[in-house]
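Trainee: Here the sequence shown stands for residues 202 to 286, numbered as in my numbering.
Glycine included, C-beta positions come from ideal geometry on N, C-alpha and C.
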Amino acid sequence: MPTVTAVVGSADGLHARPAGLIADAADELDADLTIGLPGDEPVDAASALLIMTLGAGKGDTVEVAGDDEAAVAAIVALVEKDLDA
């Protein structure tokens, strides 16, 4: 399962809006995707609520994993983007 490290780009971290956008994108992809802080249990990337429980702030590192490299890359791109802009 490909795992890629990403740095949170949203100004206020993975709060409601960015988490919702990431979860919606993950839900539309035909892949099992997880996101988590290194060393912690990852959560379902298609759940905004679970993403918010990570408490990841701007500049924090998260790991995105899944069974499809393109899907992982798509979620990594969203995590690294400032979704508050």
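Ignoring anything shorter than 3 residues or poking outside the region 225–256, list the beta strand (DSSP E) runs there in chain order.
Mentor: 234–237
Trainee: Measure the alpha-carbon distance for A247 versus I223 and round it to whole angstroms.
Mentor: Along the sequence shown, one-based indexing puts residue 247 at 46. Along the sequence shown, one-based indexing puts residue 223 at 22. In a straight line, the C-alpha of A247 is about 7 Å away from that of I223.
Trainee: Can you tell me where the beta strand (DSSP E) holding A278 begins and where it ends?
Mentor: The residue given as residue 278 occupies position 77 in the sequence shown. Where A278 is concerned, there is no enclosing beta strand (DSSP E), although the alpha helix (DSSP H) it sits in stretches over 270–281.
Trainee: Whose CA, out of A286, V209, A275, lies closest to the CA of K225?
Mentor: By 1-based counting over the sequence shown, the position of residue 225 is 24. With the sequence shown as reference, residue 225 is identified as Asp, and Lys is not the correct amino acid for it. The candidate whose alpha carbon is nearest that of D225 is A275.
Trainee: Can you have a look at E229 and say buried or exposed, based on whether 16 or more other CB atoms are within 10 angstroms of its CB?
Mentor: Within the sequence shown, numbered from 1, the residue matching residue 229 stands at position 28. By the 10 Å Cβ count, E229 comes out exposed.
Trainee: Hey, quick one: how far does the beta strand (DSSP E) through G258 stretch, first residue to last?
Mentor: Translated into the one-based positions of the sequence shown, residue 258 becomes position 57. No beta strand (DSSP E) holds G258; DSSP gives it neither H nor E.
Trainee: Going by the DSSP bridge assignment, what does G267 pair with across the sheet?
Mentor: For the purposes of this step, residue 267 is identified with residue 66 of the sequence shown, where counting begins at 1. DSSP lists L234 as partners of G267.
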